[in-house]
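Chemist: Attaching a single structure in C-alpha cells format; questions to follow.
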Amino acid sequence: MDAIRHDIILVGGGGAGLRAAIAAVEANPKLSVACVSKLYPMRSHTVSAEGGAAGAVREDDSLDLHAYDTLKGSDYLADQDAVEYFVEHAPKELTQLEHWGCPWSREKDGRVAVRFFGGMTVKRTWYATDKTGFHMLHTLFQTSMKYDRIVRYDEYFATKILVDNGRAVGVAAFDIRTGKMHAVLGRAVILCTGGAGRIFPFTTNAAVKTGDGMALAYRAGVGLKDMEFVQYHPTGLPGTGILMTEASRGEGGYLKNNKGERFLIEYDYGVGNKAELGPRDMVSRAEIREFQAGRGFKGPYGEYVHLELMHLGEEKIDKRLPFVRELAKNYVGVDPVWSPIPVRPVVHYMMGGVDTDKHGATDLPGLYAAGECACVSINGANRLGSNSLTECLVFGARAGQAAAEFAAGSSAGAENAPLEQARSEEARLDRLRGKHGGEKIAQIRRELNHATESGCGVFREEDSMSAALETVTQLKGRFADVGLSDKSAIFNTEVVQALELGHMLDVAEAVVLSAVHRKESRGAHTRTDYPTRDDAQWWKHSLVKFAPDGPRLSYKPVVKTRWELEERKY
Amino acid sequence: MQLRKVKFEVLRFRPEQDEKPVFESYDVECMEDWVVLDALNAIKDDIDPTLSHRWSCRMGVCGSCGMLVNGRPVLTCAAFVRNYSGTIRVEPLSNFPIVRDLVVELDGFVEKIKSVKPWIIRKLEKDVAEGEYRQSPEQLEEFKQFSMCINCALCYAACPVLANEPEFVGPAAIALGHRYNLDSRDEGNAERFAVLDSHDGVYACSYANECSQVCPKHVDPAMAIQQAKLTDFLQWSHLLPKRSFT
Amino acid sequence: MSAHAAVPQKTRTAPARAPAGFPFSFYRYRNYVAFAATSVFMAIGCVGLLEGLHALGKGPEAWNAWLAEMARPGALALSLVVLAFTLYFVFRFGWVGRKIGAGRVGPVPRPPLPLPVLGVAPVGGFVTLWLILLAILGGVLL
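Listed in order, the protein sequences are those of chains A, E and C. Under our numbering, read the first sequence as residues 1146 to 1715, first letter to last. Under our numbering, read the second sequence as residues 29 to 274, first letter to last. Under our numbering, read the third sequence as residues 269 to 410, first letter to last.
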C-alpha cells in the first residue's frame, strides 16, 4: 500500500467541508488539500437545507442581539466566546458566499433580503428562495473547482483516523468503487461529516447521516460533547420525515390543532407572542402536548397537526416557498395553496458532536472538526433555525485556517506507523465483506431506531432511557456477529452500510448515556421526571469518551463572557 | 394501509462475476405511498443485500438516485409505485458506463461540469467588507432557473446526441455555464466561450429537447443551450462583444 | 481534478447503453429522428430550386422544359413530400426556438422582434418560395 500524501486531509465534502477546503488553500496557496468524501460533494446533506442562514446586517440589528438570541435559544448552554466569534463572522461569510455567486434572494434595491426565523428577534436570515442549503452547497462546490490544490477523492469512505506520536496524521479510507484501502496522509485532519439523524427512525436526514466522523473521533480518543441534545424540528411530513422548512412559518404560516386553534397562542407553551416562530424545542413540545391532550389529527404514520399556508396566497407561496409546495404535493398529495399540510416533530439536527474549541481544534493535535459533526458549542441545548448553515461557513472557514496554520508549522510525519494502521484497516474491511454471522444489518438498525425513539424522544424519563441504553449495549454485542452476503470488492454498498451501522451504534450509545445522566430539562432535552432547568448543578457540557470497558462520562464547564443566565421566556 | 405485491426486474452487473449485465427479478410488498427507491431499499435490506444503488436525500434534491424506470430516466425517490402497473423495470442510467448494478460512472459528467468554469469570474473583486454586489430581483430572475440543476444527470441519460457523441459537453454543463454567463456579477463569458463554442459544445445539440422533458427540476437545459447558441453566434461574428459587463 | 478522473476505468465497466426507446420505439425519439431527416428532404428541395434557377438563366425554352419536368406526377409528389418535411422542420424549430424568446442575450437586452421569428425567417422564405413554385406548377399562377 502506498500512501497518498497531501497537507490537509478533509473528511466530508458538504457545506463545512468545502468551506474549510477553500479557506485552507486561500490561507496558504502552497498547501494541498485532499477532500475525502463518501459522496460526490454536491450530494451532501447540506443540499437539503431550505430555510436560510442568519447574519446580522440590517440597521435595526446588532451582533450583540444575534448573540443574545442564539444564547437564549441555546438555553444558555452555548459557550459565549464561541457565540461572539460566530456572530461577528457571520455577515462576512455570507457576503463572501454572495461574492462567489450564491443567488441570495434580493430586495428591490438589490441588497440581500432577510426574513424572520424561529427565536430571532429581528429579520436576519439570508435566504435563497426556500432552497438555501442547495444554493450554498452548489456555490461552494463550483467555487472549489477553481482551486487545483483541492484534490477530491469522491466516494472514498474513511474508516479510521490515523494517529502517530499523539498527532492525527491522516485517515485510512477505501475507494468504494475498487474496494481498495488507502492511507491518506497529511499534517492535519478536518472532520466535516455531519450529524447522525439516522440513528432515529423518523428523521429529516438523508441516508448518509450516520455519524461517521463523530465515531471516528470518538474511537481516536476525542470526546463527544452534549450528545443528549437532539433537535426535533416541529414540521416534518408524517411517514417520510421530509422537512417543511421553518421559513413557511417565517413567512407567516400557522400551526393548528384538530379544533382549528393556533395552539401556540391559545395555550401557554412559553413562546409568548412569537407563536409559530418560537424556538424549535418549545414548538415541538407543544405539538406533543397537543397530541397528549387529544387535539392532534390521527393518521397512519402517527398523530399530526396542521401547517396552514392558505392565507399567504398562491403568489407568495410560489415566490417564497415553491419547494415546500412541490414537496407537499408530491409526498402527501396536498397543495398548500388550498389545504393545510400535515406535520409532526421529526429528528433534524444534533447539537452535540466532536468536542472542539472556537477554532475547530480538538484535544488531539492535528485533528479539527466543523459543521454539524462538531460541538463548539454555539448551539448549546437547542439550535435556532438558520444558525447551522452559517455555522458551516464560519467554523468551516476557521477550522480550515487553523488547520492550515498548524500544517505549516508542523513536519510531515513518518509513514511506517500510519501505513501499518491502514493495513490493519484493510484486513478489517476484508474480514467484514461477506462475513458469516447470525445477525442482519437491517434488523439491528431497526432495533436501534426503535430504542433511540422510545428512549430519546421529545419527552424523556429515567426508565425508558435506561432501557434504551441497555438495548444499545446489547445491539453492539450482537453487531459483532453480523452476517453479510456481498463478498465483492467493487462498489460493495453492504459493507458500507455495516461500517455505518457500527458508527451509529457508537454515537447512539453516547447520546443515550449522556441523556440518562443529565437530571434536568434544558433546551431539547426534556425530562418528565426532572422538568426544570437546574443551573446550579447542570450548567455544564457533558463529555463522552471511549474506554475499552465502556464509555466514560464526564463534564466540562461552559464559557461565560458577558451575558448572565436568565430564565428562558419569550 | 394497503400492501401490494409488485414484481421488479432490476438490471444487475457484478464485474467480478458477470460477463455482462443481466436482469434479476424480485417480488416486493409495497405500501401505497412508496416510491421505487423504497422498493429498492426493501430489496437491499430484506431480499438481496448484494444490490448496489446510490441514494441519499430521498426528497429530490441531492440528485443521487437517477435511474431508468420502465425505460424513462427518473429520480427513483420521486417515482411513485402507484403510478406504474405490472412489472417495474429498473436499470442504471443510459449513456453512462455501468460500474456495478444501478451505479454508473459519473466522473466524466463531473469533469464536464468543471470544464465550463462554473464560478464567478471578475476582473476586480470587491472587498467582502464593502458588502454584497447589488443585484435586482429582475437580474436574479434572468439566471435563477438555470441555477436549479441538481446534477442528477437524467438529461445526459436522455440525450440522443450523447449516445453517438459521448464527448458532447451536455445539457447540464451548458446550462450551468450559461447560468454564470447571465449572472450580472460575472464577467467571464469570454473564458467559457472556448468550451461552449467547441465542436463538443453547444453546436453538438440538435434540438431533441429530451433533456428538458426529463429534467425533474424544470431547469429547461434545452432553452439554455439554444440561448447559448445564439449568444455564441453573435459573439463569434463579433456582433456582440465577448468581454462583458460590469 | 479529482483522483478518479486522473485514472479513469479503474474497474471493468459494462458499456454505456443508448437511451431506451431510441431511435424508433419511443414517440419523442421518433419525432426527433423525423426532424433530423428533414435535412435530407430540404436538401433535395434546394437542389430542385437550383436547377430551376439555372434553367431560368438559360432562357425561356429551358425554363418551360423545367416547369414541364416538375409538373410530372412523380416530381409533384416529391415536391409535396419536401414541403411536408420542411413545414415539420419549421414547426418543430419554432417550437423549440420559442424558448429563445425568453431572457437576455449577453449584455444586450432582448431585441424587439421575437427571436423565433428572426430564426424562422430564412426557412419561412424557403417555404414561401416553394409554395409559389407549386402554385406555378399547378397552373394557379403564371
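For each residue, glycine too, the CB sits at the ideal point set by N, CA and C. Here the structure is a predicted model, which is why all the values come from computation and not from measurement.
Pick out whichever of E/Cys243, E/Pro146, E/Glu166, E/Ser240 has its Cα sitting closest to the Cα of alanine 201 of chain E.
Modeler: Residue 201 of chain E sits at position 173 when you count from the first residue of the second sequence. For the residues E/Cys243, E/Pro146, E/Glu166, E/Ser240, the minimum Cα distance to alanine 201 of chain E belongs to E/Pro146.
Chemist: If you draw a straight line from the alpha carbon of valine 1192 of chain A to that of serine 1289 of chain A, how long is it in whole angstroms?
Modeler: Here residue 1192 of chain A refers to the residue found at position 47 of the first sequence. Here residue 1289 of chain A refers to the residue found at position 144 of the first sequence. Taking the straight line from one Cα to the other gives about 16 Å.
Chemist: On the three-pair Cβ rule with 8 Å, is the region 1382-1402 of chain A touching the region 1513-1520 of chain A?
Modeler: Output reads no: the region 1513-1520 of chain A does not touch the region 1382-1402 of chain A.
Chemist: Once the 5 residues before and after phenylalanine 1345 of chain A are set aside, which same chain residues still bring their CB inside 7 Å of it?
Modeler: Sequence index remark: in the first sequence, residue 1345 of chain A carries index 200 (1-based). Answer for phenylalanine 1345 of chain A: Val1492, Asn1594, Thr1597, Glu1598, listed in chain order.
Chemist: Tell me the residue span of the alpha helix (DSSP H) that contains tyrosine 297 of chain C.
Modeler: Position 29 of the third sequence holds residue 297 of chain C. Residues 295-326.
Chemist: If you measure from the beta carbon of serine 234 of chain E to each beta carbon in chain C, is any gap under 8 Å?
Modeler: By one-based count along the second sequence, residue 234 of chain E stands at place 206. It does: the Cβ of serine 234 of chain E has a partner Cβ on chain C nearer than 8 Å.
Chemist: Who pairs with glutamine 1437 of chain A in a beta bridge, going by DSSP?
Modeler: Mapped onto the first sequence, residue 1437 of chain A falls at position 292. None; glutamine 1437 of chain A has no bridge partner.
Chemist: Return the chain-ordered list of same chain residues with a C-beta closer than 7 Å to the C-beta of glycine 1086 of chain A, the five sequence neighbours on each side being excluded.
Modeler: Past the edges of chain A, shown from 1146 to 1715, lies residue 1086 of chain A, and the structure says nothing about it.
Chemist: Pairing CB atoms from the region 1216-1234 of chain A with CB atoms from the region 1694-1707 of chain A, are three or more of them under 8 Å?
Modeler: Result yes; three or more Cβ-Cβ pairs closer than 8 Å.
Chemist: Measuring straight from C-alpha to C-alpha, what distance separates leucine 1574 of chain A and leucine 1644 of chain A?
Modeler: Stepping through the first sequence from its first residue, residue 1574 of chain A is reached at position 429. Stepping through the first sequence from its first residue, residue 1644 of chain A is reached at position 499. Cα to Cα, the separation comes out at about 9 Å.
Chemist: Only counting the same chain, and skipping five residues up and downstream in sequence, which positions put a Cβ closer than 6 Å to that of valine 1640 of chain A?
Modeler: Translated into the one-based positions of the first sequence, residue 1640 of chain A becomes position 495. Cβ within range, chain order: Leu1577, Arg1578.
Chemist: If you measure beta-carbon to beta-carbon, which residues of the region 1635-1646 of chain A are closer than 7 Å to chain C?
Modeler: Of all residues in the region 1635-1646 of chain A, Ile1635 have a Cβ within less than 7 Å of some Cβ in chain C.
Chemist: CA-CA distance, glycine 1340 of chain A and aspartate 135 of chain E?
Modeler: Residue 1340 of chain A sits at position 195 when you count from the first residue of the first sequence. Residue 135 of chain E sits at position 107 when you count from the first residue of the second sequence. Approximately 27 Å between the Cα atoms of the pair.
Chemist: Between which two residues does the alpha helix (DSSP H) holding isoleucine 253 of chain E run?
Modeler: Locating residue 253 of chain E in the second sequence gives position 225, counting from the first residue. Residues 249-264.
Chemist: Quick one: is threonine 1323 of chain A near chain C, going by C-beta distance under 8 Å?
Modeler: By one-based count along the first sequence, residue 1323 of chain A stands at place 178. Closer than 8 Å to some Cβ of chain C, the Cβ of threonine 1323 of chain A qualifies, so yes.
Chemist: In the DSSP assignment, find the unbroken alpha helix (DSSP H) run with valine 1228 of chain A in it and report its ends.
Modeler: If you number the first sequence from 1, residue 1228 of chain A lands on position 83. Looking at the DSSP string, the run of the alpha helix (DSSP H) that includes valine 1228 of chain A is 1225-1244.
Chemist: Take every Cβ of the region 1675-1688 of chain A, pair it with every Cβ of the region 1648-1667 of chain A, and state whether three or more of those distances are shorter than 8 Å.
Modeler: Verdict: yes, contact present.
Chemist: At what residue ranges does the region 1404-1490 of chain A contain a whole run of the alpha helix (DSSP H), taking only runs of 4 or more?
Modeler: Counting whole runs of 4 or more residues, the region 1404-1490 of chain A contains the alpha helix (DSSP H) stretches 1408-1411, 1425-1437, 1459-1465, 1467-1477.
Chemist: Counting only C-beta atoms, is serine 1630 of chain A closer than 8 Å to chain E at any point?
Modeler: Sequence index remark: in the first sequence, residue 1630 of chain A carries index 485 (1-based). True, the Cβ-Cβ gap to chain E drops below 8 Å.
Chemist: Tell me whether histidine 1280 of chain A is buried or exposed, calling it buried when 16 or more other Cβ atoms sit within 10 Å of its Cβ.
Modeler: Within the first sequence, the letter at position 135 stands for residue 1280 of chain A. By the neighbour-count rule (16 or more Cβ atoms within 10 Å), histidine 1280 of chain A is buried.
Chemist: Could you list which residues in chain E have their beta carbon closer than 8 Å to that of valine 364 of chain C, in chain order?
Modeler: For the purposes of this step, residue 364 of chain C is identified with residue 96 of the third sequence, where counting begins at 1. By Cβ distance, chain E contributes Tyr235, Asn237, Ala250, Gln254.
Chemist: To the nearest angstrom, how far is the alpha carbon of alanine 273 of chain C from that of arginine 117 of chain E?
Modeler: Translated into the one-based positions of the third sequence, residue 273 of chain C becomes position 5. Translated into the one-based positions of the second sequence, residue 117 of chain E becomes position 89. Legend: pLDDT at alanine 273 of chain C = 42, less than 50; position of this residue unreliable, value from coordinates given subsequently. Between alanine 273 of chain C and arginine 117 of chain E, the C-alpha separation is close to 31 Å.
Chemist: Starting from tyrosine 1298 of chain A, follow its DSSP beta bridges and name the residues at the other end.
Modeler: Taking the first sequence and counting its residues from 1, one reaches residue 1298 of chain A at position 153. Tyrosine 1298 of chain A pairs with A/Val1181.
Chemist: Strictly below 7 Å CB to CB, what residues from chain E border phenylalanine 394 of chain C?
Modeler: Taking the third sequence and counting its residues from 1, one reaches residue 394 of chain C at position 126. Per Cβ cutoff of 7 Å: no residues; phenylalanine 394 of chain C is ~18 Å from chain E at best.
Chemist: Any Cβ of chain E within less than 8 Å of the Cβ of tyrosine 297 of chain C?
Modeler: Here residue 297 of chain C corresponds to residue number 29 of the third sequence, with the count starting at 1. It does: the Cβ of tyrosine 297 of chain C has a partner Cβ on chain E nearer than 8 Å.
Chemist: What would DSSP say about alanine 1198 of chain A, mapped onto helix, strand or coil?
Modeler: Counted from its first residue, the first sequence places residue 1198 of chain A at position 53. It is a strand residue.
Chemist: Can you look up serine 1189 of chain A in the DSSP assignment and give me helix, strand or coil?
Modeler: Position 44 of the first sequence, counted from the first residue, corresponds to residue 1189 of chain A. In this structure, serine 1189 of chain A counts as coil in the three-state DSSP scheme.
Chemist: Compile a chain-ordered list of the residues in the region 73-88 of chain E whose CB is closer than 9 Å to at least one CB of chain A.
Modeler: Within the region 73-88 of chain E, the qualifying residues are Asp73, Asp74, Asp76, Pro77, Thr78, Leu79, Ser80, His81, Arg82, Trp83, Ser84, Cys85, Arg86, Met87, Gly88.
Chemist: Please report the distance separating the alpha-carbon of lysine 1143 of chain A from that of aspartate 1357 of chain A.
Modeler: Nothing can be reported for residue 1143 of chain A, as the shown portion of chain A is limited to 1146 through 1715.
Chemist: Tell me, please, whether the region 1499-1510 of chain A touches the region 1366-1378 of chain A by the rule of three or more beta-carbon pairs shorter than 8 Å.
Modeler: Yes, they touch.
Chemist: Mind the definition here: the region 205-222 of chain E touches the region 307-315 of chain C only if three or more C-beta pairs lie below 8 Å; say whether that holds.
Modeler: Verdict: no, contact absent.
Chemist: How about methionine 1187 of chain A: is its C-beta nearer than 8 Å to some C-beta of chain E?
Modeler: Sequence index remark: in the first sequence, residue 1187 of chain A carries index 42 (1-based). Answer yes: the Cβ-Cβ gap between methionine 1187 of chain A and chain E drops below 8 Å somewhere.
Chemist: What in chain A is Cβ-close to glutamate 44 of chain E, meaning under 8 Å?
Modeler: The count along the second sequence starts at 1 and reaches residue 44 of chain E at position 16. Here the neighbours are Ser1633, Ala1634, Ile1635.
Chemist: Between A/Val1488, A/Ala1612, A/Leu1466, A/His1648, which has its C-alpha nearest glycine 1196 of chain A's C-alpha?
Modeler: By one-based count along the first sequence, residue 1196 of chain A stands at place 51. Taking only the C-alpha atoms, the option nearest glycine 1196 of chain A is A/Leu1466.
Chemist: With three or more C-beta pairs closer than 8 Å as the rule, is the region 103-114 of chain E touching the region 56-66 of chain E?
Modeler: Yes, the region 56-66 of chain E is in contact with the region 103-114 of chain E.
Chemist: Is it buried or exposed, arginine 1251 of chain A, if we count other Cβ atoms within 10 angstroms and call 16 or more buried?
Modeler: The residue labelled residue 1251 of chain A in the question sits at position 106 within the first sequence. Answer is buried; the Cβ neighbour count reaches 16.
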